[in-house]
Amino acid sequence: MRNAWVCGLALALTWSAGAQAQGRPALDGGVVRACDDANEWPPYTQRDTHSPLGVGGYSVDVLRKILARHGLNLEIVLLPWRRCLEEVRQGQRFVMLLNAARTPQRERDYWLSEPYYETRTHYLWSLRTHPKGLDLRSAEDLRPLRMGAVAGYESLNLDRWGLTVHSRAPNFVSLIQMLHRDRIDSVLVAEEMFRLGPDGRVQPPWDDAELGHAALPGALTTPFHMLFSRRNPQGEALRALVNHELSSLRRSGELQRLLKAYLPSR
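According to mature numbering (1 follows the signal peptide of the UniProt record, and there is no 0), the stretch in the sequence shown is residues -21 to -1, 1 to 245, in order.
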């Protein structure tokens, strides 16, 4: 069965002369070229000086394991999120990215893998400006508040509950500063941001003693997928190979073991 997948992928990975002329191909010499968010998405994708790729995390571990089974290597570059999305959509330099939630627009622009992890939503507030916290009984209670979000990110949970973004910032550090300066009231983030690092502590900037957070009442989990270029002739075959191997890793329990290395409570 595995040989059939390798042969199918090898056929799909043949580049036309026209594609080669566009620049360095997204898969060259058995190397799958991917990008992801420069703001990082720990523990799924994060800079790691100990990794030969310079990037590590659960998502990177999963993809490297899948590709290694087929004699393929991974090259990953962290880019501004909008640029990464567009580069993969075009499919010339990069054939895929590792972490994205499903949206109707993304279903039109990319091939999506099966979900391979999910996140839980927390909300933030500043203890300087809201020392008693935010009295929420449901996500809808956030509607009158001034919500902040990272520029360029899809506001999936905000849209789900009819919340409006009051202000955007380039990264979460800036959003935390905006909370403390009373420019916004709350920000939605993934629960995983507050996991303990290797030193047993919550990592910056989430270790801020004046930053409050709690699980969003009634919030559903958000599944995450890998995205593959529809414009790149390798994209669909690579998606099929990844889905096949994700199924195998899930059945064997290996997918859960890889996740527990970063999130022991899962």
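The C-beta atom is built at its ideal place from N, Cα and C for all residues, glycine as well.
Since the structure is predicted, the reported quantities are computational estimates derived from the model, not experimental observations.
- The beta carbon of residue 170 sits closer than 6 Å to the beta carbons of 99 and 101 from its chain, once the five residues preceding and following it are set aside; these are given in chain order.
- Of the candidates 51, 86 and 45, 86 places its Cα closest to the Cα of residue 206.
- Taking C-alpha positions only, residue 145 is separated from residue 138 by approximately 13 Å.
- In this structure, 77 is the residue among 126, 187 and 77 with its C-alpha nearest to the C-alpha of residue 41.
- With 16 or more neighbouring CB atoms inside 10 Å of its own CB, residue 211 falls in the buried class.
- Between the alpha carbons of residue 28 and residue 234 lies a gap of roughly 24 Å.
- Short of 8 Å from the beta carbon of residue 198, and not among the five residues preceding or following it, lie these beta carbons of its own chain, in chain order: 99, 100, 118 and 136.
- The segment 159 to 166 and the segment 90 to 97 do not touch, with fewer than three beta-carbon pairs separated by less than 8 Å.
- Per the DSSP secondary-structure output, residue 25 pairs in a beta bridge with 35.
- Annotation for residue 147: the continuous beta strand (DSSP E) segment containing it runs 144 to 148.
- When the alpha-carbon of residue 194 is set against those of 165, 49 and 188, the nearest one is in 165.
- Exposed is the label assigned to residue 180, since fewer than 16 other Cβ atoms lie within 10 Å of its Cβ.
- In the DSSP assignment, residue 16 forms a beta bridge with 58.
- Taking C-alpha positions only, residue 173 is separated from residue 103 by approximately 11 Å.
- In this structure, the alpha-carbon of residue 128 lies about 8 Å from that of residue 151.
- Note that the C-beta distance between residue 70 and residue 232 is not below 8 Å.
- For residue 80, the secondary structure class from DSSP, reduced to helix, strand or coil, is strand.
- A residue is called buried when at least 16 other Cβ atoms come within 10 angstroms of its Cβ; residue 22 meets this threshold and is buried.
- Distance between residue 20 and residue 201, taken at the CA atoms: about 14 Å.
- Remark: C-beta atoms of residue 75 and residue 11 approach each other more closely than 8 Å.
- Taking every protein chain shown into account, the CB of residue 33 has fewer than 16 other CB atoms within 10 angstroms, so this residue is exposed.
- Residue 227: not part of any beta strand (DSSP E); member of the alpha helix (DSSP H) spanning 214 to 231, first to last residue.
- Exclusion of the five residues before and after residue 140 leaves 118, 119, 121 and 122 as the residues of its chain whose Cβ lies within less than 8 Å of its Cβ.
- Put simply, of 25, 26, 49 and 125 the residue whose alpha carbon is nearest the alpha carbon of residue 221 is 49.
- If the five residues before and after residue 240 are omitted, its C-beta is found closer than 8 Å to the C-beta atoms of 37 and 40, all from its own chain and listed in chain order.
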